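Worksheet: the structure to be examined is printed underneath.
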Amino acid sequence: MSNDIRNNWLPEEIEKVYHTPLLELVYRAASLHRKYNDTAEVQVCTLLSIKTGGCSEDCAYCPQAARYNTGIDVQALMQKEEVLSYAQKAKDAGSTRFCMGAAWREVRDNRDFDRVLEMVKGVNEMGMEVCCTLGMLTEYQAKKLAEAGLYAYNHNLDTSKEHYEEIITTRTYSDRLETLDNVRKAGVTVCCGGIIGLGESHTDRIKMLHTLATMAEHPESVPINALVPVAGTPLANNRKVDIWDMVRMIATARILMPRTMVRLSAGRNDMSIAEQALCFMAGANSIFAGDKLLTTPNPGFDEDNAMFQLLGLTPRKAFKEEKQFLHEMTDA
Ligand code: SAM
Ligand code: DTB
Ligand code: SF4
104 MSNDIRNNWL PEEIEKVYHT PLLELVYRAA SLHRKYNDTA EVQVCTLLSI KTGGCSEDCA
164 YCPQAARYNT GIDVQALMQK EEVLSYAQKA KDAGSTRFCM GAAWREVRDN RDFDRVLEMV
224 KGVNEMGMEV CCTLGMLTEY QAKKLAEAGL YAYNHNLDTS KEHYEEIITT RTYSDRLETL
284 DNVRKAGVTV CCGGIIGLGE SHTDRIKMLH TLATMAEHPE SVPINALVPV AGTPLANNRK
344 VDIWDMVRMI ATARILMPRT MVRLSAGRND MSIAEQALCF MAGANSIFAG DKLLTTPNPG
404 FDEDNAMFQL LGLTPRKAFK EEKQFLHEMT DA
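If you read the sequence shown in the numbering used here, its first letter stands for residue 104, the second for the next number, and so on.
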């Protein structure tokens, strides 16, 4: 394996990369991006909140925590047919990955979970990569999801271990890591990233990137979210994330994990096309599309299509990694 793909990054090395003068940093990230990925290609994922609000956790950024008054519409787990019709619409609009999110602390072995398994099966049969984000999972549950056809599981570290306690008290960093382990053991790909704008320091960001980049296998996708401040949450008045911080974070992630899909996630609604173009230049190669993330607004399909046209970007095909792998196997 090439020297660029490493799991032994030292915190001091990451610090040096992160603090590289901005244009030099973007140049380095763009060069590695070009070496390992097709830079014209951006993965288009659609999110759907299949169970909304009423969550028992106290994540300070989250509009879905029951304890904050955010005025969102609480909704029980959706029916399978309704979810599949959303997935079809997303597919028709050009999405190749469909991610279903539930405001749960953890998955329980009950009828709701059985229904989610049916949804996973249905979306997989439609030929899309299926992703779920349902909170904590046991190894058994991860295996059930894998059997149903789950392609990826999203579970974010959100911030550094040290800053985590300032943001969430109802679960621990090691709970998060344990779920990620269970996902790996089940052979499902890992989607794991974080949020900037939570009041963390540069060191916290560097530490989070260190945890991600020193995993035995890099996560296949790393979402970088900018905090979407929501009225009623403790972080409602946090300052808007500086675009240069977003670019720096994406570029550093790209350099540390050259082959990973780095997703320009929450926060695009407040970014201009020029700002998003800088993020793609710095190595972002995935987005969430559709006019809603889970509960907050996001640019619509038409707006993004126009941006893709303007920047000369094309949506990435589904299951590309697997196809490439099969191709290499038959060539060998
Ligand atoms: N309940 C599950 C969990 O916490 O793992 C899954 C859904 S949760 C809403 C998924 C992720 O959305 C969180 O880990 C966080 O990174 C992100 N998120 C939630 N609220 C956000 C906000 N206001 N701004 C940016 N990202 C947010
Ligand atoms: C991720 O990293 N970002 C997405 C997805 N994974 C689940 C969620 C963003 C949520 C933003 C706030 C909201 O819309 O509720
Ligand atoms: Fe619940 Fe997930 Fe929101 Fe935390 S981030 S309050 S666990 S829905």
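The beta carbon of each residue, even a glycine, is placed where N, CA and C say it ideally should be. Small disclaimer: the values here were computed from a predicted structure and weren't measured.
- Annotation note: the stretch 239–288 contains the following uninterrupted beta strand (DSSP E) runs of length 3 or greater, listed N- to C-terminal: 255–257.
- Within the same chain, ARG208 come within 6 Å of SER159 by CB-CB distance, once the 5 residues on both sides are set aside.
- Proximity of the beta carbon of ALA206 to the ligand SF4 is indicated: a heavy atom of the ligand is located closer than 7 Å.
- With a cut-off of 8 Å on Cβ pairs, the stretch 399–419 is not in contact with the stretch 124–134, counting fewer than three such pairs.
- Counting only the Cα atoms, VAL219 lies some 30 Å from MET311.
- Under DSSP, CYS158 takes part in a beta bridge, and its partners are ALA168.
- The three-state reading of DSSP puts MET410 in helix, counting H, G and I together.
- Secondary structure within the stretch 327–401: the alpha helix (DSSP H) runs of 4 or more consecutive residues, fully enclosed, are 346–359 and 376–384 (chain order).
- Between the beta-carbon of GLN182 and that of GLY156 there is about 17 Å, and that puts the pair past the 8 Å contact cut.
- Between the ligand DTB and the CB of LEU240, the shortest heavy atom gap is not smaller than 7 Å.
- Exposure of PRO114 is indicated by the presence of fewer than 16 other C-beta atoms within 10 angstroms of its C-beta.
- Secondary structure note for VAL233: its beta strand (DSSP E) is the uninterrupted segment 232–236.
- Taking non-hydrogen atoms of the ligand SAM into account, the C-beta of CYS382 is found less than 7 Å away from none of them.
- Inclusion of THR363 and GLU323 in the CB contact set at 8 Å is warranted, their separation being smaller than that value.
- Taking the Cβ of GLN167 as the reference point, at least one heavy atom of the ligand SF4 falls within a distance shorter than 7 Å.
- Cβ contact annotation for LYS395 (same chain, cutoff 7 Å, sequence separation greater than five): ASN401, in chain order.
- Relative to CYS202, the option among CYS294, ALA339 and TRP347 whose CA is nearest is CYS294.
- For the set ILE376, ASP407 and ARG351, the Cα lying nearest the Cα of LYS119 is the one of ARG351.
- If you draw a straight line from the Cα of TYR121 to the Cα of ILE309, it comes to about 7 Å.
- Between THR273 and ASP405, the CB-CB gap reaches or exceeds 8 Å.
- Within a 10 Å sphere around the beta-carbon of GLY393 sit 16 or more other beta-carbons, which makes this residue buried.
- Straight across, the Cα-Cα distance linking SER152 with VAL233 is about 14 Å.
- Looking at the DSSP output, ARG200 shares a beta bridge with CYS148 and GLU232.
- For PRO418, the three-state secondary structure derived from DSSP is strand.
- For THR292, the enclosing beta strand (DSSP E) begins and ends at 292–294.
- GLY335 counts as exposed, since fewer than 16 other beta carbons sit within 10 angstroms of its beta carbon.
- The beta carbon of VAL186 sits closer than 8 Å to those of LEU151, ILE153, MET203, MET222, GLY225 and VAL226, all from its chain and outside the five residues before and after it, given in chain order.
- Judged by DSSP secondary structure, ILE299 falls within the beta strand (DSSP E) whose first and last residues are 297–299.
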